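*Asks:*
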Amino acid sequence: MSTAPPDADELSRRVAAFLAEHDPAATDRLKFLRARFDAGLAWVHYPRGLGGCDAPRALQRDVDRLFAKAGAPTNRPERNGIGLGMAAPTLLAAGTDEQRARFLRPLWTGEDIWCQLFSEPGAGSDLAALGTRAVRDGDRWIVNGQKVWTSMAHEARWGLLVTRTDPDVPKHRGMTYFVLDMTAPGVEVRPLRQLTGEAEFNEVFLTDVEIPDAHRLGEVGDGWRVSTHTLMNERVSIGGAAVPRESGMIGVVAGLWRDRPELRTPGLHGELMRLWVEVEAARLAGERLRQSLAAGRPGPEGSGTKLAFAKLNQEVSGLELEMLGTDGLRYDDWTMRRPSEVDFTRRSPGYRYLRAKGNSIEGGTSEILRGIIAERVLGLPGEIRVDKDVPWKDLPK
Amino acid sequence: MSTAPPDADELSRRVAAFLAEHDPAATDRLKFLRARFDAGLAWVHYPRGLGGCDAPRALQRDVDRLFAKAGAPTNRPERNGIGLGMAAPTLLAAGTDEQRARFLRPLWTGEDIWCQLFSEPGAGSDLAALGTRAVRDGDRWIVNGQKVWTSMAHEARWGLLVTRTDPDVPKHRGMTYFVLDMTAPGVEVRPLRQLTGEAEFNEVFLTDVEIPDAHRLGEVGDGWRVSTHTLMNERVSIGGAAVPRESGMIGVVAGLWRDRPELRTPGLHGELMRLWVEVEAARLAGERLRQSLAAGRPGPEGSGTKLAFAKLNQEVSGLELEMLGTDGLRYDDWTMRRPSEVDFTRRSPGYRYLRAKGNSIEGGTSEILRGIIAERVLGLPGEIRVDKDVPWKDLPK
Amino acid sequence: MTDLLYGEIESDLRGGVRDLLAGKAPWTGVLAGVEKDDPFDADLWHALAGRFGAAGLAVPEELGGAGASWREAAVVAEEIGRAVAPVPFLTSAVMATAALLAAGESDLVGDLAEGERIAVLAVPFGTPPGEPPARVRVAGGALTGEVPGVADGLAADVLLVPAADGLYAVDAADAGRAPVTSLDMTRRLADTAFDGAPARRVADGPGAVRAGLLTGAALLASEQLGIAEGCLDATVAHVKTRYQFGRPIGSYQALKHRLADLWTAITQARAVARHAAACAAAGDPDLEIAVAVAQAHCSAVAVKAAEECVQMHGGIGFTWEHSAHLYLKRAKSAAIALGTPDRHRAALAALVDLPPA
Amino acid sequence: MTDLLYGEIESDLRGGVRDLLAGKAPWTGVLAGVEKDDPFDADLWHALAGRFGAAGLAVPEELGGAGASWREAAVVAEEIGRAVAPVPFLTSAVMATAALLAAGESDLVGDLAEGERIAVLAVPFGTPPGEPPARVRVAGGALTGEVPGVADGLAADVLLVPAADGLYAVDAADAGRAPVTSLDMTRRLADTAFDGAPARRVADGPGAVRAGLLTGAALLASEQLGIAEGCLDATVAHVKTRYQFGRPIGSYQALKHRLADLWTAITQARAVARHAAACAAAGDPDLEIAVAVAQAHCSAVAVKAAEECVQMHGGIGFTWEHSAHLYLKRAKSAAIALGTPDRHRAALAALVDLPPA
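Here it is as structure tokens:
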């Protein structure tokens, strides 16, 4: 093997060689995936030995295509979004060699599902206010507290956990980051039911949970900095995909308009067209952002795209109910279900209306996003901070 | 004359007696008005000797009606709104006996027009930031500075002036209030042209203007408190009158819709009906406020009424232009005129659109009104103040 | 101009209803109820309608009511909205009662006024005022046909069914009734079916149904006002006590300004709802316009208030274990009930001579 | 999908235009100009169109142009909007030029490209794309009739007049032209009249006018984007330096959030304006949809930006001696020009198969 990063041709040669050695049809799924990882063909831009071969990130798509064409099994990325999207880059940036070696392979193969334990009842937008306490006891830590909005916690093997380790210093300085074994004694996962009736998320209660110091990620007191790796990657994953015209909710409502002439009124038409235009404008803005990113010019438009779609999803789904009249007063199912993914289009109009309310709260509230745009993009002064130099324990809560 | 405040019957007897002595048809206008003032029948709720007779304020309307019925001349209140609405109550509340005796009669009769010199280029919403300096020199004060948004300054005999007398204390504590002789040397009034092309307002430049200490209203340093008398009365005067359905701009646009069928489109109809409903709702809210006040139960709804009508005037006038299409691209007159009153309905649609922009700025910006509602009505925390304990001279400007 | 204020009697009435609802229908209880099979809170309804007398406010004393008016009934509707109470007040004590009063019926209306029986108009709940198309056929004093989406249809003892030649009363036991999983489980719908159901004609012509729908729409505006007020109060209380970044979130100006705008919209909703109720009470010729304005405006205000309530509560407002979603579901359903804002604006256009393009 | 980004050449072009406008048309100069009788800034136009070559960007080199495309011309439109520059770029270099190019005309179009002559489409400026009704009669090669509200009609050397059988060129000297006191004095209207005016037919059928209006509407979106950007920049700069209550007003969250929303709307306006310009450049089949979306959206964004600019400047923004009203008047006029958002939404409905009720 040469030491220079492989180019596209070299990569496709390697894939071909790998496939020649591991027939996808004849190899056990997990065996195949582990071998692909060990061959450095998992995430090619990762370092050698950790599933990659230092190749440019842009070549990943080609490699994935070649494997797909050969009928190779996937690592089911849809089941492990937090693991692949957030845990892996955090481990890469802040983990020790031992931690990377231990966690990354089963993460990539999908053997280990990961979840993220950041938000707390008292720490939502203000993540750094969190109060889950971790107290050192020799080479282990004892953790007590409560986390919320934890998707996949009920299926996860590992969790990304941020804790308060020093309450006597200002809040950003007294946090420490851990990898939590979700099977450890004292970890209790409860479904968190939402207004749609179902429970996508969980609450996680931590009672005298022991974490070995070897599972600490980064230095003691360095938890805020490590968290930013995780959160930066959260933002990148949002709003990147190209979408055709009339995708999503507007497509549903436009279809309803076309299929049900008896529901049409001039007033609803005006509203429909106004929203259609706004959705198309937001879609084109998203497409422009995608082109910018592809051209290597990342812009701040992502926050605006999320902001716009949250509002539009809410307005469009609200219009759908009004269009339906009495039929809009029905719901499909209030029983508490545990969906593995959110599918707006397959459920009832009422579900769409209710679920869309979460779009302006989850993954950064619309208020936080507006603040980010105002301060980081427009350069307006930050909010007056009264909590900067106050020890965490003295903050009003 | 009895010492008890007169009731309705007694008042009508007095009016009849006055009219018997002063035939409106045969008496000189000014003589008549002065006599009415001296008879205590000017503003009946004012003290005796100052144009009133300590009667309940509610009886004023009856007295005015009796005079009107007899064909008596009025004091032309529309020409002296600031005098009657703001200067008089301020003089009554904060003036010395000499000041009241000197100023109130010619104010009420309309001989003296008054204006208000509060706002400055650097002190708009934040009135207490004002910087017009008054420096004591024996029994007089020397004043230098600039005031803006002064309506009637070019016709006024006297001005209500707030100045900075002590820059070394926090801003609310170093202000002093004066009555300014608008004919004094060093007072220069310039028209302040607005985006409509005309100039309703003025800028007033004060250069080494001398004010006798006898024209100080209230104590030195007490200017903020005295100002609140003036401003409280500003708020009372807004939004009190009952208005019939389809008054003002919505009536203009509704009339356009009825008269010009060729301009109609379904989309414009939807917008028109949406605004029609909003205006009617705001009108009914104003009517409810009026009923509350009449029942002796003043409410905080006035701020909301002003807020709503500012927005609606802007939206309705904007719709009018769109309805007109190419005709909406015309204007009537850009020359600098000095109108004595604002009449939205008699000028062109473009004028209405432009002039309405001022509705959310003049007399308290919509932002300030929202803050007042949030804090005084809803009890939400005030803005964080960084200027409370800082000497005025050290404030960033 | 109608009197838009609340009188002393109305304020006392409000206090009584509010206490009763606070005691018997705290929101935690309402929430627990939405997953039960019970179509409404019968115990609460007996207390409110029977013992308290809230169901008969607008019914003359000689018919067994309190002899007050729709103005007073509107105050009850406000409090029911504020409490998202699962009782058939709007459907039975307002819509059915108004229809029967208009029809000059005097037996059933007394039972409704005393809360002894529950009757509902068998129309799809989204039907705007006016003349709903008859969905049933009459033959030999019996009805046949289907009416989907009837509000409180399962709670009803009697269904008042519009037919081509008038309004018919059908004993609920003689009708097919299928529960509907409803967006607003505090006022559930039922799909009703009539298969030769024995019926008694209680009104000729369309006037009675029209009165029921119009009065219902007028008083629904007061319910929507109550929903909006409940949302605003809950939200203001929350933002005063929820801290983020060391400050109560109610100290952040963007939220303050939005709440100020909401408060302004609610003061308007109060005025238009009062006007509609007063017009209903007085048989004022402005009633139709007042109702169209009230429904177009109050529907939007209640939904906006509920949406802001969810948003400003953040994550907690998105959970099942919080009252915000009860408001949201009731507000959105109420906006569609008895005609969407769009339908009311269209009706208004005709009433105020602003014809469509 | 079209390319929605700006290329290097476009960025260079923008820099050049911006420098030129900053030097020759600062807003104080524009303001002074609105009270003069001059219908436009001839000196500026000669510099921009003639020496700089901005008028001929989309004209092939063999016809005397620069051989670029409407994409590049759209960048010029942006900068003109940002500077509220009083030049006939949209009317002559875009609308008239596009009409003549569609007609295959090759004489006049070269003069326009070089800025030597100015031609405008003689249609009321509020006319949406499509086929404007002919307002003149043709008899013996001469035109008779009236066309009110023609943008830059006084600046024009040639009027291109739609008639039933095609498009006619009329020497401006042969037409009656009355100046109109315009809401937007940076792009003035004139009422035109033809009384047997000698005319030359430059196009058969309606295709040329259609191309002129459609291309004009596409590039007007870029001008509107520029207006909005100018407003946002001015407002952000103001709120950073204007202090009230001891703090820059840009530190108040309510303003911050409104500016963030405005910024978001402008990023969308940029994308839709780029798409419309790219479609115009490529003759893309999506052009009509792209134009309708761009006009419906960018019109609203530019007006919103200008209204926020006035409001956030407070009293000073309401005065004559500030640039805000120049933006406001141009933004509102541009929203009506070439069809209001309402008209464009109606056109869009037909294009995307969402028929009216």
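Chains as they are written, first to last, in our numbering: chain E, 1 to 397; chain L, 398 to 794; chain S, 795 to 1151; chain F, 1152 to 1508. Glycine included, every Cβ here is placed at the ideal spot set by N, Cα and C. No experiment lies behind these values; they were computed from the predicted model shown.
For S/L953 and S/L1053, what's the separation of their Cα atoms in angstroms?
*Replies:* In the third sequence, the residue the question calls residue 953 of chain S occupies position 159. In the third sequence, the residue the question calls residue 1053 of chain S occupies position 259. Approximately 42 Å, taken between the alpha carbons.
*Asks:* For the segment 276-285 of chain E and the segment 1442-1459 of chain F, state whether three or more C-beta atom pairs, one from each stretch, are separated by less than 8 Å.
*Replies:* Counting Cβ pairs under 8 Å, three or more are found: they touch.
*Asks:* CA-CA distance, L/V601 and L/M579?
*Replies:* Along the second sequence, one-based indexing puts residue 601 of chain L at 204. Along the second sequence, one-based indexing puts residue 579 of chain L at 182. Approximately 10 Å, taken between the alpha carbons.
*Asks:* So, using beta-carbon positions, are E/R352 and E/F344 closer together than 7 Å?
*Replies:* Locating residue 352 of chain E in the first sequence gives position 352, where the first residue counts as 1. Locating residue 344 of chain E in the first sequence gives position 344, where the first residue counts as 1. Yes; because the gap between Cβ atoms is below 7 Å, this pair is in contact.
*Asks:* Are the Cβ atoms of E/L160 and E/A87 separated by less than 7 Å?
*Replies:* Within the first sequence, residue 160 of chain E is the residue found at index 160, counting from 1. Within the first sequence, residue 87 of chain E is the residue found at index 87, counting from 1. Against a cut-off of 7 Å, the Cβ pair of E/A87 and E/L160 comes out as a contact.
*Asks:* Can you grab the Cα-Cα spacing for the pair S/G1024 / S/V878, in whole Å?
*Replies:* Translated into the one-based positions of the third sequence, residue 1024 of chain S becomes position 230. Translated into the one-based positions of the third sequence, residue 878 of chain S becomes position 84. Roughly 9 Å separates the two Cα atoms.
*Asks:* When the cut-off is 7 Å and only beta carbons count, does S/Y1037 lie next to chain F?
*Replies:* Position 243 of the third sequence, counted from the first residue, corresponds to residue 1037 of chain S. False, the Cβ-Cβ gap to chain F never drops below 7 Å.
*Asks:* Since I believe S/G1020 is in contact with S/A871 (beta carbons under 8 Å), could you give me their beta-carbon distance rounded to a whole number of angstroms?
*Replies:* One-based indexing of the third sequence puts residue 871 of chain S at position 77. One-based indexing of the third sequence puts residue 1020 of chain S at position 226. That pair is a contact at about 7 Å.
*Asks:* Over the uninterrupted alpha helix (DSSP H) stretch that includes S/W821, give me the two end residues.
*Replies:* Within the third sequence, the letter at position 27 stands for residue 821 of chain S. Taken as a continuous stretch (DSSP letters only), the alpha helix (DSSP H) holding S/W821 covers W821 to G827.
*Asks:* Is the Cβ of E/W392 closer than 7 Å to any Cβ of chain F?
*Replies:* For the purposes of this step, residue 392 of chain E is taken as the residue at position 392 of the first sequence. Not closer than 7 Å to any Cβ of chain F, the Cβ of E/W392 fails to qualify, so no.
*Asks:* For a cutoff of 7 Å on Cβ pairs, would you count E/K388 as touching chain F?
*Replies:* On the first sequence, residue 388 of chain E is found 388 positions in, with the first residue counted as 1. Output row for E/K388: interface = no.
*Asks:* Please tell me whether F/Y1319 has its Cβ less than 7 Å away from any Cβ of chain S.
*Replies:* Translated into positions along the fourth sequence, residue 1319 of chain F becomes position 168. With 7 Å as the cut-off, F/Y1319 does not count as an interface residue toward chain S.
*Asks:* Report all residues from its chain with a CB closer than 8 Å to the CB of S/D951; omit the five preceding and five following residues, and keep chain order.
*Replies:* As a first step, residue 951 of chain S is located in the third sequence; it is residue number 157 there, counting from the start. The residues are R911, I912, A913, D965 and A966.
*Asks:* Consult DSSP for F/G1300 and reduce its assignment to one of helix, strand or coil.
*Replies:* For this step, residue 1300 of chain F is matched to residue 149 along the fourth sequence. Of the three classes helix, strand and coil, the one that applies to F/G1300 here is strand, per DSSP.
*Asks:* Using a Cβ-Cβ cut-off of less than 7 Å, give me the residues of the segment 241-265 of chain E that come near chain F, in sequence order.
*Replies:* Taking 7 Å as the Cβ-Cβ cut-off against chain F, the residues of the segment 241-265 of chain E that qualify are A254, W257, R258, R264 and T265.
*Asks:* Please list, in chain order, all residues of the same chain as S/A819 whose beta carbon is under 6 Å from its beta carbon, the five residues on each side excluded.
*Replies:* Here residue 819 of chain S corresponds to residue number 25 of the third sequence, with the count starting at 1. Excluding sequence neighbours, S/A819 sits near L838, A877 and A879.
*Asks:* Under the rule that 16 or more other beta-carbon atoms within 10 Å means buried, what is F/P1190, buried or exposed?
*Replies:* In the fourth sequence, the residue the question calls residue 1190 of chain F occupies position 39. Looking at its Cβ environment, which holds 16 or more other Cβ atoms inside 10 Å, F/P1190 is buried.
*Asks:* Excluding the 5 residues flanking E/P170 on each side, which residues of the same chain have their C-beta closer than 8 Å to its C-beta?
*Replies:* The residue labelled residue 170 of chain E in the question sits at position 170 within the first sequence. The residues are D387, K388, D389, V390, P391 and W392.
*Asks:* Check the Cβ of E/G267 against every Cβ in chain L and list those closer than 7 Å, keeping chain order.
*Replies:* For the purposes of this step, residue 267 of chain E is identified with residue 267 of the first sequence, where counting begins at 1. Chain L residues near E/G267: G667.
*Asks:* Confirm, please, whether the CB-CB distance from L/L527 to L/L447 is below 7 Å.
*Replies:* For this step, residue 447 of chain L is matched to residue 50 along the second sequence. For this step, residue 527 of chain L is matched to residue 130 along the second sequence. In this structure, L/L527 does not lie closer than 7 Å to L/L447 by Cβ.
*Asks:* Decide if the segment 1343-1356 of chain F is in contact with the segment 1394-1402 of chain F; the criterion is three or more beta carbon pairs, one per stretch, under 8 Å apart.
*Replies:* Touching, no.
*Asks:* Leaving out five residues before and five after E/E315 in sequence, what residues of the same chain have Cβ atoms less than 7 Å from its Cβ?
*Replies:* Walking along the first sequence from the start, residue 315 of chain E turns up at place 315. Excluding sequence neighbours, E/E315 sits near L275.
*Asks:* Counting along the chain, where does the alpha helix (DSSP H) carrying L/W673 start and finish?
*Replies:* On the second sequence, position 276 is the one that residue 673 of chain L refers to. Per DSSP, L/W673 belongs to the alpha helix (DSSP H) from P663 to A691.
*Asks:* Under 8 Å between beta-carbons, which chain F residues line up against E/I361? List them in chain order, please.
*Replies:* Numbered from its first residue, the first sequence carries residue 361 of chain E at position 361. Going along chain F, no residue has its Cβ under 8 Å from E/I361, so there is no contact; the nearest lies around 16 Å.
*Asks:* Of all the alpha helix (DSSP H) runs that stay within the bounds of the segment 1244-1276 of chain F, which reach a length of 4 or more residues?
*Replies:* Counting whole runs of 4 or more residues, the segment 1244-1276 of chain F contains the alpha helix (DSSP H) stretches 1248-1254 and 1259-1264.
*Asks:* Near L/W440, what residues of its chain come up, given a Cβ to Cβ distance below 6 Å and the 5 sequence neighbours on each side ignored?
*Replies:* Counting from 1 along the second sequence, the entry for residue 440 of chain L is found at position 43. Contacts found: G448 and G449.
*Asks:* Report the option in S/A1028, S/P992 and S/V974 whose CA atom is closest to the CA atom of S/D985.
*Replies:* Taking the first residue of the third sequence as position 1, residue 985 of chain S is located at position 191. When only C-alpha atoms are compared, the closest one is S/V974.
*Asks:* Check the Cβ-Cβ distances between E/V316 and every residue of chain F, and say whether any is below 7 Å.
*Replies:* Indexing the first sequence from 1 puts residue 316 of chain E at position 316. Taking Cβ atoms only, chain F never reaches closer than 7 Å to E/V316, which makes this a no.
*Asks:* Check whether the Cβ of S/S1045 lies closer than 7 Å to any Cβ atom in chain L.
*Replies:* Working through the third sequence from its first residue, we reach residue 1045 of chain S at position 251. Yes, its Cβ sits closer than 7 Å to a Cβ of chain L.
*Asks:* Please compile the residues from chain S whose C-beta is within a distance smaller than 8 Å of the C-beta of E/G124.
*Replies:* What you label residue 124 of chain E is simply residue 124 of the first sequence in a count that begins at 1. Result: Q1038, G1108 and G1109.
*Asks:* Whose C-beta lies closer than 7 Å to the C-beta of S/L1120 among residues of the same chain, with five residues either side of it excluded?
*Replies:* Stepping through the third sequence from its first residue, residue 1120 of chain S is reached at position 326. Answer for S/L1120: W821, V824, L825, V878 and T980, listed in chain order.
*Asks:* Using a Cβ cut-off of 8 Å, which residues of the segment 955-989 of chain S contact any Cβ in chain E, in chain order?
*Replies:* Listed in sequence order: V974, T975, S976, L977, D978, M979 and L983.
*Asks:* Does F/Y1319 come out as helix, strand or coil in the three-state DSSP assignment?
*Replies:* Position 168 of the fourth sequence, counting from 1, holds the residue named residue 1319 of chain F. Strand.
*Asks:* So which of L/L603, L/D494 and L/W555 has the shortest CA-CA distance to L/K544?
*Replies:* Walking along the second sequence from the start, residue 544 of chain L turns up at place 147. Ranking the options by Cα distance to L/K544, first place goes to L/L603.
*Asks:* Helix or strand or just coil, what does DSSP make of L/W789?
*Replies:* Sequence index remark: in the second sequence, residue 789 of chain L carries index 392 (1-based). Reduced to three states, the DSSP call for L/W789 is helix.
*Asks:* List the endpoints of the continuous alpha helix (DSSP H) containing L/K428.
*Replies:* Within the second sequence, the letter at position 31 stands for residue 428 of chain L. Unbroken alpha helix (DSSP H) run through L/K428: R426 to D435.
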